[in-house]
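Counting in our numbering, the sequence shown runs without a single skipped number right up to 338 at its last residue.
Just below is one structure, and these are the notes that go with it.
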Amino acid sequence: MTEKNRKKLIIDTDCGSDDAMAIAMALNDPAFEILFFTVVSGNVEAVQAAENTLLTIERAGTYEPPVYLGARNMLLKELAFAYDTHGMDGMGDLGLKPERLRPAEGNGVLRMLEALRESEAGEIDIVTLGPLTNLALAIRLDPDAVKKAGRVVVMGGAGFGGGNVTAAAEFNIWQDGEAAKIVLEAGLENLMLVGWDACLGESMLTPDDIRRIRTGSSLGKFVIEINRVLMGLNRERFGEDCLDMADPAAMAAALYPDCIKECGKYWCEADVSPGSGYGNVLIDRYGFSGKEPNVWICSALRPDRYKEYIFRTLGV
Ligand code: RIB
Ligand code: CA
């Protein structure tokens, strides 16, 4: 893979412990060049998420794309951090900090628009791993520039399953439902949501998978250890050390589409009504609305290919 034909990528992240595994995977895929990261509040506050992203870049030890701070707050909704899932620092509260790297100067949303304006249509793919606030702001500022993006792959929505923060909603959408509504209705040609259901079932990392990753490389050890809070939660929920890795599933679907098992295009809309439905992504699976499908929904991966991709990019 020569430098010139690596696919260009922008990754938007609220870097918690599963984002970090996804970022480590992407930094080790030679078919892609991450131009930069944009950071958004979500799992933790954006400044902490930027620090977590920089730490992950240092631990990956490959190349060091700039990390730009984006939205510190959601468009309308009050922030509710995911400390119980990822720890107070988002990275398992191990006290780890970047030793050398610092955030880049400038705002991530404006940097994203600048790169897209300068790009050829389809030249840059975008992968989002957190709330859609940055992407929504970019759309509000310059929709034509955002439409120049190639694929836009979002970790978001519960797919055809249940929510993970309320009965109906998955965390990234629920954290900023209004931003998700803007993104879903922006008319993006190649928008894909990889739902939380895609990382469950046979795609859940088992104790054996976790052991292989933890013992297979120093990067593998890092990305498992920082997920210790989620592992503890799952021990209670499922009775064993297993990991539902939502962001790695979205990253695998984006960077290694051969691992996608189920994906279809449907009319979708984000529910921003007050009450128990807030943050739900309504998927019109059978076309009742009569509206033109606007979003690809990836609801299942091929566990073998998905896990092999994780193992390969983490070097285990
Ligand atoms: O629902 C899972 C998503 O919410 C993941 O992106 C996780 O990092 C959190 O942001
Ligand atoms: Ca995330």
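Backbone N, C-alpha and C define an ideal beta-carbon position, used for all residues, glycine too.
Keep in mind it's a predicted model, so treat the numbers as computed, not measured.
Could you check how far apart the C-beta atoms of residue 65 and residue 90 are, in whole angstroms? I think they sit under 8 Å. Approximately 18 Å separates the beta-carbon atoms of residue 65 and residue 90; this is outside 8 Å, ruling out the contact.
Could you name the residues that DSSP lists as bridge partners for residue 322? Note: residue 322 sits in a beta bridge opposite 284.
Check whether the Cβ of residue 78 lies closer than 7 Å to any heavy atom of ligand 2, and answer yes or no. Because no heavy atom of ligand 2 lies under 7 Å away, the Cβ of residue 78 does not count as near it: no.
Every unbroken alpha helix (DSSP H) within the segment 82-154, with a cutoff of 4 residues, ordered by chain: Along the length of the segment 82-154, whole alpha helix (DSSP H) runs at least 4 residues long occupy 105-108, 130-140, reported in chain order.
When every heavy atom of ligand 1 is checked, does at least one fall within less than 7 Å of the C-beta of residue 276? Remark: the shortest separation between the CB of residue 276 and any heavy atom of ligand 1 does not fall under 7 Å.
How is the beta strand (DSSP E) around residue 59 delimited, first residue to last? Annotation: the continuous beta strand (DSSP E) that includes residue 59 extends over 54-61.
Answer with buried or exposed for residue 205, where buried requires no fewer than 16 other C-beta atoms within 10 angstroms of its C-beta. Residue 205 comes out buried.
DSSP puts residue 289 in a beta bridge; with which residues? According to the DSSP secondary-structure assignment, residue 289 is paired through a beta bridge with 306.
Nearest-angstrom Cα distance between residue 210 and residue 276? Residue 276 has its alpha-carbon roughly 16 Å from the corresponding atom of residue 210.
Answer yes if the segment 254-263 comes into contact with the segment 305-325, meaning at least three C-beta pairs across the two stretches below 8 Å, and no otherwise. Touching, no.
Residue 23 versus residue 53: straight-line alpha-carbon distance, rounded: In this prediction, residue 23 has a pLDDT of 49, which is less than 50 and means its spatial position is unreliable; what the coordinates show is noted afterwards. The C-alpha of residue 53 is placed about 6 Å away from the C-alpha of residue 23.
Same chain, Cβ closer than 8 Å to residue 84, neighbours up to 5 away in sequence not counted: So the qualifying residues of the chain are 49, 50.
Please report the residue range of the beta strand (DSSP E) in which residue 177 lies. Here the beta strand (DSSP E) through residue 177 covers 174-177.
Can you tell which of 32, 46, 63 has its C-alpha closest to the C-alpha of residue 196? Residue 63 is the option with its Cα nearest to residue 196.
Could you pull the start and end residues of the beta strand (DSSP E) that residue 216 belongs to? Counting along the chain, the beta strand (DSSP E) containing residue 216 begins and ends at 213-216.
Per DSSP, which one or two residues make a beta bridge with residue 35? According to DSSP, residue 35 bridges with 61.
Whether residue 32 touches residue 161 by CB criterion (8 Å): No. Outside cutoff.
Residues near residue 94 in its chain [Cβ-Cβ closer than 8 Å; skip 5 each side]: 63, 67, 68, 69.
Output needed for residue 257: all residues of its chain with C-beta closer than 8 Å, excluding positions within five of it in sequence on either side, in chain order. Excluding sequence neighbours, residue 257 sits near 263.
Residue burial classification, residue 313 (beta-carbon count within 10 angstroms, cutoff 16): With fewer than 16 Cβ atoms within 10 Å of its Cβ, residue 313 is classed as exposed.
Proximity to residue 290 [Cα-Cα], best of 246, 61, 318: The candidate whose alpha carbon is nearest that of residue 290 is 318.
Flag residue 177 as yes when its Cβ comes closer than 7 Å to any non-hydrogen atom of ligand 2, and as no otherwise. When distances are taken from the beta-carbon of residue 177 to the heavy atoms of ligand 2, the shortest one is below 7 Å.
Residue 41 CB to nearest heavy atom of ligand 2 below 7 Å: Yes; taking the cut-off as 7 Å, the Cβ of residue 41 has a heavy atom of ligand 2 nearer than that.
Which residue from 107, 110, 285, 96 puts its Cα closest to that of residue 202? Comparing alpha-carbon positions, the option among 107, 110, 285, 96 lying closest to residue 202 turns out to be 96.
Do residue 315 and residue 287 count as a contact pair if the criterion is CB distance below 8 Å? Yes, they are a contact pair.
Whole-angstrom Cβ separation of residue 183 and residue 219, contact assumed at under 8 Å? In this structure residue 183 is in contact with residue 219, their Cβ atoms being roughly 3 Å apart against a cut-off of 8 Å.
Less than 8 Å between the beta carbons of residue 101 and residue 131, yes or no? In this structure, residue 101 lies away from residue 131, with their beta-carbon atoms at least 8 Å apart.
Mind checking which residues open and close the alpha helix (DSSP H) that includes residue 240? Counting along the chain, the unbroken alpha helix (DSSP H) around residue 240 starts and ends at 240-247.
Taking 8 Å as the threshold (C-beta atoms), are residue 72 and residue 153 in contact? Note that the C-beta distance between residue 153 and residue 72 is not below 8 Å.
Take residue 107 as the anchor and find which of 295, 193, 156 has the nearest alpha-carbon. In terms of Cα proximity to residue 107, the closest of 295, 193, 156 is 193.
What residue from 141, 143, 293, 217 has the CA that sits closest to residue 200's CA? The residue from 141, 143, 293, 217 with its alpha-carbon nearest to that of residue 200 is 293.
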